[in-house]
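Numbering follows UniProt numbering, in which position 681 of the sequence shown is assigned residue number 681; successive positions increment by one, without gaps.
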Amino acid sequence: MTRNTRIGITGMSCSTCAESVEDAVGGLEGVENVDVNFASDEATVGYDPEVVSLAEIYDAVDDAGYTAVSETVTVGISDMTCANCAETNEEAFGSVPGVVKPDVNYATDEGTVRYNPEETSVEDLYDAVEDAGYTPVREEGDGGDGADARDTAREDEIRRQFRLTVFGAVLSAPLLFLLVEKFLLGGEIVPDSVFGIGVEWVQLALATPVQFVLGYPFYKNSYKALVKNGRANMDVLIALGSTTAYVYSVAVLAGAIAGGLYFDTAALILVFITLGNYLEARSKGRAGEALRELLEMEAETATVVDEDGDEEEIPLEDVEVGDRMKVRPGEKIPTDGTVVDGESAVDESMVTGESVPVEKSEGDEVVGSTVNENGVLTVEATKVGEDTALQQIVRTVKDAQSRQPDIQNVADRISAYFVPAVILNAVLWSVVWFMFPEALAGFVDALPVWGQVAGGPEVVGGTVSAFEFAVIVFASAVLIACPCALGLATPAATMVGTTIGAGNGVLFKGGDILERAKDVDTVVFDKTGTLTEGEMELTDVVVFDGDGQAVTDGGDTAADGGELTARDRLSEDDVLRLAAAAESGSEHPLARAIVEGAEERGIDVTDPEEFENVPGHGVRATVGEGEVLAGNRKLLRDNGIDPSPAEETMERLEGEGKTAMLIAYEGELVGVVADADTVKESAGEAVSALKKRGVDVMMITGDNERTARAVAEEVGIDTGNVRAEVLPDDKSDAVEEIQDGGRKAMMVGDGVNDAPALAVAYVGTAIGSGTDVAIEAADVTLMRDDPLDVVKAIRISDATLQKIKQNLVWALGYNTAMIPLASLGLLQPVLAAAAMAFSSVSVLTNSLLFRGYTPDHDYRLLDRLRGRR
1 MTRNTRIGIT GMSCSTCAES VEDAVGGLEG VENVDVNFAS DEATVGYDPE
51 VVSLAEIYDA VDDAGYTAVS ETVTVGISDM TCANCAETNE EAFGSVPGVV
101 KPDVNYATDE GTVRYNPEET SVEDLYDAVE DAGYTPVREE GDGGDGADAR
151 DTAREDEIRR QFRLTVFGAV LSAPLLFLLV EKFLLGGEIV PDSVFGIGVE
201 WVQLALATPV QFVLGYPFYK NSYKALVKNG RANMDVLIAL GSTTAYVYSV
251 AVLAGAIAGG LYFDTAALIL VFITLGNYLE ARSKGRAGEA LRELLEMEAE
301 TATVVDEDGD EEEIPLEDVE VGDRMKVRPG EKIPTDGTVV DGESAVDESM
351 VTGESVPVEK SEGDEVVGST VNENGVLTVE ATKVGEDTAL QQIVRTVKDA
401 QSRQPDIQNV ADRISAYFVP AVILNAVLWS VVWFMFPEAL AGFVDALPVW
451 GQVAGGPEVV GGTVSAFEFA VIVFASAVLI ACPCALGLAT PAATMVGTTI
501 GAGNGVLFKG GDILERAKDV DTVVFDKTGT LTEGEMELTD VVVFDGDGQA
551 VTDGGDTAAD GGELTARDRL SEDDVLRLAA AAESGSEHPL ARAIVEGAEE
601 RGIDVTDPEE FENVPGHGVR ATVGEGEVLA GNRKLLRDNG IDPSPAEETM
651 ERLEGEGKTA MLIAYEGELV GVVADADTVK ESAGEAVSAL KKRGVDVMMI
701 TGDNERTARA VAEEVGIDTG NVRAEVLPDD KSDAVEEIQD GGRKAMMVGD
751 GVNDAPALAV AYVGTAIGSG TDVAIEAADV TLMRDDPLDV VKAIRISDAT
801 LQKIKQNLVW ALGYNTAMIP LASLGLLQPV LAAAAMAFSS VSVLTNSLLF
851 RGYTPDHDYR LLDRLRGRR
């Protein structure tokens, strides 16, 4: 079946681009026709959805270097009770034409859907949820992300579950008393009838409202699961277990069969399960509290100052880019901006995790919602609304929570077959108990420790018939299984882990990245701006005479501003003036340091008449009547100039960790200038911590070998792990080469110049990106200029995966241990229901306990003792 779709495409600049897209998409198997219109920036694609997915078509466009237009929306979903429900909703979203990729998270009760706006709408997605039998949380108002509506729906669900629990508990309390009185007190307190009404009829009267009020949601959801979606979920298990006990008791009371009454069992099953749902809803709400608290920190108003100095307090949503805002001590900075007046210390802990306030003055950037500590600041707004750092952080964390780790696939595969397998197991064992009660009783009797458990072999063939016991086994076996615990194991821990990361200035792009980071065995640092401060300062100017000898003093040729020739004996100021003029056309940190150093010495820096940047080597410029070269040895050699006379000087400066540049004028070597960059205080500590974890640490830089080695030795990186003089375009090749040996490398760079290397790395990490957290090339974004946060990222990843494994071990261990017990008739249905209800609560509680973790130390005790993974 052919499906036709229209896709908007951005980035095309000519008809050749359109042909490139056609070739990329048309080459996919299953694509039957493709027509790309450059004029309308649109592609029409005919494809077979059974062979190729829309996501693959979008990926083909992206791989071709263009962008397929899509939108992403988060839809709240009510009534999900287990991982099977999440999978059902994913399939419902996926069946909507135009949906590129759906992700439904049971822990957050949300679905994140990427879709083609040319083909579908948000309303279509709401309809898909309803058609699947669930309730979408429809966004009200003018287009937020629906977070308030989802929070309201979650609070309503908590209140509903609480009311149901109280209702069921009140009616079930007498039933529980009768049960205890019968088995523990010998049944001598309560008479057989009250006012002529038998106690069994009182039990029926109490159990029936519980059965149909508390049981209604389970019946409704079971109907939707089985009839609408053709699959069984947890609600089916609960409905089967409680209904079996209730119907059997009604049949006994009506005289249709002989046996005992289990009205108390039927009612208590539903009460325990509903109580569990209430506790689960509360726990799921608490798991997202930290993120909501972060949003609540946002300022509500801003004091805007006009051109006349008049002040007006306006709502935050009315602030526009360019507005100037006055922020007094103790107030929150309303939105991202730049300080235009004043000095103060700003508490940025809510964004970066750094507890020490940061000094801010004119020209410094500030982040919205951070707190001004002392002085008065005037801030010009640069980003507002959804573009602010706070909103981007929240959006990044939510995106991460919607993208689950690969380990979740294991739980999903198990959950898909879990409920049918449980029902089949329950039917099988109930039939076996009914057919061979004596044989099985003898088998269980051989286990003396279990022989005293209620419902054990001593009652088979005694006071309980084989049929009655088979019913008990069936009810217990379906009730004891809990797919909820499996479904919550991963997303609950991922929610907490990503939130911990955000609170410490570490943003993971997805749960899959959160899982991947722990496996990193090699960290590759860029040097400038990553291990060093990235703020270069001019340190040395060395002059060379016409004989190629370094001189300690120079003439005064430039003192009167006269024209220079290569034969003149130049002064230090002359050489620096030439270098600064040539470099004034460059934005490179090394160039800026030379220009600023010249200006500080009082040298008038002129603009070059011609300028050419030679990537990875230096610059070529025309200054006055002559050509100036400023760069490395290769730049001079390529232009026929011998750099060897300066080799000794270069080696000395580079050995001191400085970056030295050769200066040539009119085809002759005239000097060397050097810049120095300070190593960050925490760089050495970060390298040491990584090595203790058994991680190999490397450095890639475009700087020269000696300077790179000097910095490496200072921070503790083995000099054999240094790759110097690597051109920006070759960094990605270097990372791929490192990974060719099977290494899993984390590339750490500034997120801009290192983007290609970040993209090919096993984990790409952008460090110190300030308020710009939306770096597409990076998998992890670190909000501070601190190499130690690389260690934190790995520790958070490791800790989260340990918590996920704990949850999965508990969930799988619980089911593995309890299902056989119930199948062998060693567990009463009431106890099975209680265990089922609290298994998912225990998984959530275990995840919530993780909220107290800080990445200042490794999560696992063995790591701390051994100092390695």
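Virtual Cβ for every residue (Gly too), placed ideally from N, Cα, C.
- Message: What does the Cβ neighbour count give for Arg-433, buried or exposed, with the cut at 16 atoms within 10 Å?
- Response: Reading off the sequence shown, one finds Trp at residue 433, where the question assumed Arg. Label assigned to Trp-433: buried.
- Task: In the DSSP assignment, find the beta strand (DSSP E) that holds Gly-655 and state where it starts and stops.
- Result: Careful: Gly-655 lies outside any beta strand (DSSP E), inside the alpha helix (DSSP H) at 647 to 655.
- Task: Kindly list the residues whose CB is nearer than 6 angstroms to the CB of Val-36, restricted to its own chain and excluding five residues on each side of it in sequence; keep chain order.
- Result: Ala-18, Val-21, Glu-22, Ala-43
- Query: Apart from the five residues just before and just after Asp-79, which ones in its own chain have a Cβ nearer than 7 angstroms to its Cβ?
  - Reply: Tyr-134, Thr-135, Asn-221
- Message: Does the structure place the stretch 580 to 589 close enough to the stretch 621 to 638 that three or more beta carbon pairs sit under 8 angstroms?
- Response: yes
- Message: Taking the alpha-carbon of Ser-839 as reference, which of Asp-264, Leu-275, Val-367 has the nearest alpha-carbon?
- Response: Leu-275
- Message: Give me, in chain order, the residues of the same chain whose beta-carbon lies closer than 6 angstroms to that of Val-376; leave out the 5 immediate sequence neighbours on both sides.
- Response: Arg-328, Gly-342
- Item | Spatial neighbours of Val-61 in its chain, beta-carbon cut-off 8 angstroms, leaving aside the 5 residues before and after | Ile-7, Ile-9, Val-21, Ala-24, Val-25, Ala-43, Thr-67, Ala-68
- Query: Which one or two residues does DSSP pair with residue 886 in a beta bridge?
  - Reply: Residue 886 is absent from the structure shown; the chain starts at 1 and stops at 869.
- Message: Quick check on DSSP: helix, strand or coil for Asp-707?
- Response: Correcting the residue type first, residue 707 is Thr in the shown sequence and not Asp. In this structure, Thr-707 counts as helix in the three-state DSSP scheme.
- Three-state secondary structure (DSSP) at Ile-472? helix
- Asp-540 lies in the beta strand (DSSP E); which residues open and close that run? 537 to 544
- Query: Who pairs with Met-747 in a beta bridge, going by DSSP?
  - Reply: Val-524, Gly-764
- Nearest to Gln-549 (by Cα), restricted to the options Lys-805, Ile-641, Ala-646: Ala-646
- Query: Is Gly-462 helix, strand or coil when you go by DSSP?
  - Reply: Confidence at Gly-462 is low in this model, with a pLDDT of 42, below 50, so the placement of that residue should be treated as unreliable; the coordinate-derived value is given next. Gly-462 falls in the coil class under three-state DSSP.
- Tell me whether Tyr-278 sits in a helix, a strand or coil according to DSSP, three-state version. helix
- Specify, as a first and last residue, the run of the alpha helix (DSSP H) that Lys-803 falls within. 788 to 823
- Nearest-angstrom Cα separation, counted from Asp-318 out to Gly-143: In this prediction, Gly-143 scores a pLDDT of 41, lower than 50, which makes its location untrustworthy; the coordinate-derived value is nonetheless stated afterwards. Taking the straight line joining both Cα atoms gives about 16 angstroms.
- Query: With Ser-172 and Leu-268 assumed to form a contact (beta carbons below 8 angstroms), what rounded beta-carbon distance in angstroms separates them?
  - Reply: 6 angstroms
- Task: Evaluate Phe-469 with the Cβ neighbour count: other Cβ atoms within 10 Å of its Cβ, from every protein chain shown; 16 or more gives buried, anything less gives exposed.
- Result: buried
- Is Ser-78 helix, strand or coil by DSSP? strand
- Message: Here's a check: name, in chain order, each residue in its chain whose Cβ is nearer than 6 angstroms to the Cβ of Glu-380, leaving out the five neighbours to either side.
- Response: Arg-324, Gly-337, Thr-338, Val-340
- Should Asp-406 and Lys-744 be called a contact, given that it needs their Cβ atoms to be closer than 7 angstroms? no
- Query: Quick one: is Asn-4 buried, meaning 16 or more other Cβ sit within 10 Å of its Cβ, or exposed?
  - Reply: exposed
- Query: So, helix, strand or coil for Tyr-262, using DSSP?
  - Reply: coil
- Can you list, in chain order, the stretches of the alpha helix (DSSP H) that have 4 or more residues and sit fully within the stretch 194 to 239? 199 to 209, 216 to 223
- Message: Comparing C-alpha positions only, which one of Asn-33, Glu-50, Gly-11 sits nearest to Ser-40?
- Response: Gly-11
- Can the beta-carbon of Val-541 be found less than 7 angstroms from the beta-carbon of Leu-590? no
- Classification of Cys-14 by the beta-carbon crowding that lies within 10 angstroms, buried from 16 upward: exposed
- Query: Where does the unbroken beta strand (DSSP E) through Pro-728 begin, and where does it stop?
  - Reply: Unbroken run through Pro-728: none, as it is neither H nor E.
- Message: For residue 937 and Glu-599, I'd like the C-alpha separation in whole angstroms.
- Response: Residue 937 cannot be examined here, being either before or after the span of the chain that is shown, 1 to 869.
- Message: Per DSSP, what are the beta-bridge partners of Phe-838 in this structure?
- Response: In the DSSP output, where bridge partners are listed per residue, Phe-838 has none listed.
- Query: Under a Cβ-count criterion, where at least 16 other Cβ atoms within 10 Å of its own Cβ denotes burial, should Ile-500 be classed as buried or exposed?
  - Reply: buried
- Less than 7 angstroms separating the beta-carbons of Val-75 and Gly-111? yes
- Reference Gln-802, options Ala-710, Thr-539, Lys-518, Ser-571, closest by Cα: Lys-518
- Message: Counting only beta-carbon separations shorter than 7 angstroms, does Ala-712 have a partner in chain C?
- Response: Here there is only one protein chain, and chain C is not present.
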